[in-house]
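Engineer: Take a look at this one; I'll ask things after.
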Amino acid sequence: MVAELESMQAFLKDADVKSETDESVKSWVKQVRDVAYDMEDVLDEFMLRFAEQGEHQSHGFIISYIHKISRFIKNFKTRHSLATQIQEIKARLHGVSERRKRYELHSSMDQIAPASMWHDRRGDALLIEEAELVGIDKHKNKIIEWLVEGESSLGVISVVGMGGVGKTTLVKKVHDDQRVKIHFQLRAWITFSQSFKIEELLINMMRQLFDQYNKEAIPQAVEAMNDVQLKQKLLEFLKGKSRVLITTRFKNIASSCIIKSDPDIYNLHPLSDEESWTLFCNKTFRSNIKNSCPLELEGLSQNILSKCEGLPLAITAIAGVLSTKQKTKVEWETIYNNLVYEFVDNEKLRSAMNVLSLSYEDLPYHLKSCFLYLRFFPEDELIEPMRLIRMWMAEGFIQIKQGIKSLEEIGESYFFELLNRRLFQIEGITADGRVDTCRVHDLIREIIISKARDQNFGSIVVAGDAKDTIMVDKRIRRLSIHNGCEKIIIAQEAESFIHLRSLFMFRVDTLSNTFRSAFFFSRPKLLKVLDLRGAPLEEFTNFFHLRYLSLRSTKVKEIPDSIKKLQNLETLDLKDTYVSALPVGILNLHKLRHLLVYRYLTEQNWRFGIPSKALLRICSTQ
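Following this line, the structure appears as structure tokens:
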């Protein structure tokens, strides 16, 4: 069965590209993928039950091993659920194989395949950041002029433009400009999605202002304010010649923000043909020379560029694809011919979305799952690279590469490959020049959502979004809950999470009794990633396959010694919890690579209860 699964995974890798352009192959590949998912679950369940047999045995290795086998076989015969599942999978596999023969579907790839050679791109992404700012100075200077001059009363400036035109990049450059820093002693940078909470947004803004004004944490009294009180408190900071600078796609939103007779609305238009060409060449050929494009590729380059509609996001995305290809006419013609997908009704955005879709399709197979994993983060969420990399490790997405010492290094190279292709954007840089946080552009997110849906990659529930009410059935593999879990309808409580591999919670203030009961009752034994950052959880159960456990910002006060049962755990994140001591049993977690322990809101004396040298091998700071 293991050999069969490996063959299916190899086939899926081979068929991946053709399925993007052939609907019959796409449907068949989906069937193969579903069977592979179930086969993987059965194998993991086998390993779990096998491990459970030896928990209480203390015999020698050989005797213990024989006892494990014999006890497992006896239980297996009396409880033949695994055998039944295996037979069902074999029958399904036979049916899928017969359909392939019947419809003459072949796995040989005669379509475009990613020709990129893997290499370490960790240094490239930051070097080309400035190259993407073609034509930005004239816009930046005009907005800064509006900010620092004019009336002494509060003013609102709106930057309006279509998605991907560079509004956020422009405003971020304005925000960080030295002239703005000198003129405005207090500054706050806020991003929010369509499902934001007003209290959370205001608290975030107040934290930034208090930190700059008082050089101290925001008072608890302010943290406890409601939205009306927070607005009043915020107005105290905004009195006088303060400015609010916003970005939006919609002119009606900009108009609703007008508070004076002479409105400050800055319309940001797509790049001109000349600016688009400059940006394209900078990114594709890594050159600032105007005529860096080979003559034989100029016509094709212009045709490809015309699909980008002057949007910097689309231009940098397609250039990121082309930069990994051979500079031949045949190769580039293939790229151009595959710009065929349609995701949106907006005519101006359709071509650009096709370009962004191709950026996904061109990814090496091992990067596609890593990229789709971004689906589970909320819109505009600031993502820490190492957090993402550790999740990839837990899911088994990272492959060993010759000449690279650690999985973390390989994961970092994956991250920078995606960043270099501009599939997400840098938001924060550390003092020593490392990427601190990044985010996914909303147009890129649309691509991720579409592709993840096609592959049954996982589901999201967003509180307050009527579209995202979902029925949780036993086949769900990954689930991300945003802002609350009241909208989850449990299909069969006893089986609702038995195939769950990853569970994420973002800004979840309360856990419904229905969800809590279903989750703990079904005990998803195949779970690998459990990220409960900020969730109101005070306890957690044990999962044999769990590799990533984040209890950051939860109400957990104590880690039980039974944590030693999590024999596959690689990451344990206890930052900003109430845990003040670690049990000795943590030393039995021989696969633990990252232990994150830190609380900045209260002073605590940590009691590890374990040798410092033993602790040193597993401690992490990020």
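Residue numbering for the sequence shown follows our numbering, starting at 584 and increasing by one per position.
Just so you know, even glycine gets a beta-carbon here, dropped at the ideal spot from N, CA and C.
Note that the structure is a prediction, hence the values are computed from the model and not measured.
Identify every run of the alpha helix (DSSP H) within the stretch 932-994, keeping only runs that are complete inside it and at least 4 residues long; order them along the chain.
Structural biologist: Segments of the alpha helix (DSSP H) lying fully in the stretch 932-994: 948-955, 968-978.
Engineer: Would you check if the stretch 1015-1032 and the stretch 983-991 touch, i.e. whether three or more CB-CB distances between them fall below 8 Å?
Structural biologist: No, the stretch 983-991 is not in contact with the stretch 1015-1032.
Engineer: For F1040 versus I1064, is the C-beta distance shorter than 8 Å?
Structural biologist: The residue given as residue 1040 occupies position 457 in the sequence shown. The residue given as residue 1064 occupies position 481 in the sequence shown. No, the pair does not count as a contact, with Cβ atoms beyond the cut-off.
Engineer: Can you tell me whether DSSP reads Y1181 as helix, strand or coil?
Structural biologist: Position 598 of the sequence shown, counted from the start, is the residue given in the question as residue 1181. Here Y1181 sits in coil by DSSP.
Engineer: With distances taken Cα to Cα, identify the nearest neighbour of K1034 among E944, F1102, H1082, N1066.
Structural biologist: Counting from one through the sequence shown, the residue named residue 1034 turns up at place 451. It is E944 whose Cα lies nearest to the Cα of K1034.
Engineer: Leaving aside the five residues before and after G1117 along the sequence, list all residues of the same chain whose C-beta is less than 8 Å from its C-beta, in chain order.
Structural biologist: Here residue 1117 corresponds to residue number 534 of the sequence shown, with the count starting at 1. Hits under 8 Å: M1088, F1089, R1090, V1091, R1135, S1136, T1137.
Engineer: Pick out the complete alpha helix (DSSP H) segments inside the stretch 737-815, 4 residues or longer, and give them in chain order.
Structural biologist: Counting whole runs of 4 or more residues, the stretch 737-815 contains the alpha helix (DSSP H) stretches 750-759, 761-766, 781-796, 803-806.
Engineer: Helix, strand or coil for N1003, going by three-state DSSP, please let me know.
Structural biologist: Counting from 1 along the sequence shown, the entry for residue 1003 is found at position 420. Of the three classes helix, strand and coil, the one that applies to N1003 here is helix, per DSSP.
Engineer: Would you identify the three-state DSSP class for R1036, choosing helix, strand or coil?
Structural biologist: Position 453 of the sequence shown, counting from 1, holds the residue named residue 1036. The answer is helix: DSSP assigns R1036 an H, G or I state.
Engineer: Quick check on E1029 - is its C-beta less than 8 Å from some C-beta in chain D?
Structural biologist: Chain labels in this structure do not include chain D; a single protein chain is all it has.
Engineer: Identify, in the order they occur along the chain, each residue of the same chain with its Cβ nearer than 8 Å to the Cβ of H758, setting aside the five sequence neighbours on each side.
Structural biologist: Mapped onto the sequence shown, residue 758 falls at position 175. Only R770, W772, L828 meet the Cβ criterion.
Engineer: Between the alpha carbons of E783 and I918, how many angstroms are there, rounded?
Structural biologist: Here residue 783 is taken as the residue at index 200 of the sequence shown, counted from 1. Here residue 918 is taken as the residue at index 335 of the sequence shown, counted from 1. Approximately 44 Å, taken between the alpha carbons.
Engineer: With three or more C-beta pairs closer than 8 Å as the rule, is the stretch 729-747 touching the stretch 801-816?
Structural biologist: Contact fails: fewer than three Cβ-Cβ distances are below 8 Å.
Engineer: With DSSP collapsed to three states, give me the class of C1021.
Structural biologist: Locating residue 1021 in the sequence shown gives position 438, counting from the first residue. The answer is strand: DSSP assigns C1021 an E or B state.
Engineer: Please identify the residue among I765, T751, Q885, M936 whose C-alpha is closest to the C-alpha of F775.
Structural biologist: As a working note, residue 775 is residue 192 in the sequence shown. Among I765, T751, Q885, M936, the Cα nearest to that of F775 is on T751.
Engineer: From Q909, E992, I1031, I1012, pick the residue whose C-alpha is nearest to that of M936; which is it?
Structural biologist: The residue you call residue 936 lines up with position 353 of the sequence shown. When only C-alpha atoms are compared, the closest one is I1031.
Engineer: With which residues is T1154 paired in a DSSP beta bridge?
Structural biologist: The sequence position of residue 1154 within the sequence shown is 571, counting from 1. Note: T1154 sits in a beta bridge opposite Y1131, H1177.
Engineer: Answer yes if the stretch 1138-1158 comes into contact with the stretch 999-1019, meaning at least three C-beta pairs across the two stretches below 8 Å, and no otherwise.
Structural biologist: The stretch 999-1019 vs the stretch 1138-1158: no contact.
Engineer: Of the choices G893, F868, G746, whose alpha-carbon is the least far from that of R1028?
Structural biologist: By one-based count along the sequence shown, residue 1028 stands at place 445. Among G893, F868, G746, the Cα nearest to that of R1028 is on G746.
Engineer: What is the rounded straight-line gap between the Cα of F1126 and the Cα of M969?
Structural biologist: Here residue 1126 corresponds to residue number 543 of the sequence shown, with the count starting at 1. Here residue 969 corresponds to residue number 386 of the sequence shown, with the count starting at 1. Each residue's Cα considered, the two are about 23 Å apart.
Engineer: Taking 7 Å as the limit between beta carbons, can you name the residues of its chain near Y1161, skipping five residues before and five after?
Structural biologist: Numbered from its first residue, the sequence shown carries residue 1161 at position 578. So the list reads K1138, V1139, K1140, once near-sequence residues are dropped.
Engineer: Mapping the DSSP letters down to three states, classify Q909 as helix, strand or coil.
Structural biologist: Locating residue 909 in the sequence shown gives position 326, counting from the first residue. Residue state, collapsed to three classes: coil.
Engineer: Check each candidate in L878, E881, Q614, Y1181 and name the one with the smallest Cα separation from S1163.
Structural biologist: Reading the sequence shown from its first residue, position 580 is the one you call residue 1163. Considering only alpha carbons, the answer is Y1181.
Engineer: Alpha carbons only, please: which of I726, D1037, L1083 is nearest the one belonging to V754?
Structural biologist: The residue you call residue 754 lines up with position 171 of the sequence shown. Looking at the Cα atoms, I726 is the closest of the given residues.
Engineer: Answer yes or no: do L1129 and L1110 have a C-beta to C-beta separation smaller than 8 Å?
Structural biologist: Residue 1129 sits at position 546 when you count from the first residue of the sequence shown. Residue 1110 sits at position 527 when you count from the first residue of the sequence shown. For L1129 and L1110, yes; Cβs fall inside 8 Å.
Engineer: Taking the alpha helix (DSSP H) that S884 falls in, what are its first and last residues?
Structural biologist: Position 301 of the sequence shown, counted from the start, is the residue given in the question as residue 884. Here the alpha helix (DSSP H) through S884 covers 881-889.
Engineer: In terms of residue numbering, what span does the beta strand (DSSP E) encompassing F1089 cover?
Structural biologist: For the purposes of this step, residue 1089 is identified with residue 506 of the sequence shown, where counting begins at 1. Segment 1085-1089, the beta strand (DSSP E) holding F1089.
Engineer: Might you give, ordered along the chain, the residues of its own chain that have their beta carbon closer than 6 Å to the beta carbon of V904, omitting 5 neighbours on each side?
Structural biologist: Locating residue 904 in the sequence shown gives position 321, counting from the first residue. The residues are S942, D945.
Engineer: Please classify D624: is it buried, with 16 or more other beta-carbons within 10 angstroms of its beta-carbon, or exposed?
Structural biologist: As a position in the sequence shown, residue 624 is number 41, starting the count at 1. By the neighbour-count rule (16 or more Cβ atoms within 10 Å), D624 is buried.
Engineer: Can you give me the Cβ contacts of I1043 inside the same chain, cut-off strictly under 6 Å, excluding the 5 residues immediately before and after it?
Structural biologist: Counted from its first residue, the sequence shown places residue 1043 at position 460. Taken in chain order, the residues that qualify are S1063.
Engineer: Check whether the stretch 833-843 touches the stretch 858-869, counting contact only when three or more Cβ pairs, one atom from each stretch, lie closer than 8 Å.
Structural biologist: Taking 8 Å as the limit for Cβ pairs, the verdict is that the stretch 858-869 does not touch the stretch 833-843.
Engineer: Tell me whether L818 is buried or exposed, calling it buried when 16 or more other Cβ atoms sit within 10 Å of its Cβ.
Structural biologist: Here residue 818 refers to the residue found at position 235 when the sequence shown is read from its first residue. So L818 counts as exposed.
Engineer: The beta strand (DSSP E) that contains E1010, what's its start and end?
Structural biologist: Residue numbering aside, residue 1010 sits at position 427 when the sequence shown is read from its first letter. 1008-1012 is the span of the beta strand (DSSP E), which, as asked, contains E1010.
Engineer: S839 by DSSP, collapsed to three states: which one?
Structural biologist: By one-based count along the sequence shown, residue 839 stands at place 256. Helix at S839.
Engineer: Beta strand (DSSP E) containing H1065: first to last residue?
Structural biologist: Start at 1 with the first residue of the sequence shown, and residue 1065 comes out as number 482. Counting along the chain, the beta strand (DSSP E) containing H1065 begins and ends at 1061-1065.
Engineer: Helix, strand or coil for I1142? Go by DSSP, reduced to three states.
Structural biologist: Translated into positions along the sequence shown, residue 1142 becomes position 559. If DSSP states are grouped into helix, strand and coil, I1142 belongs with coil.
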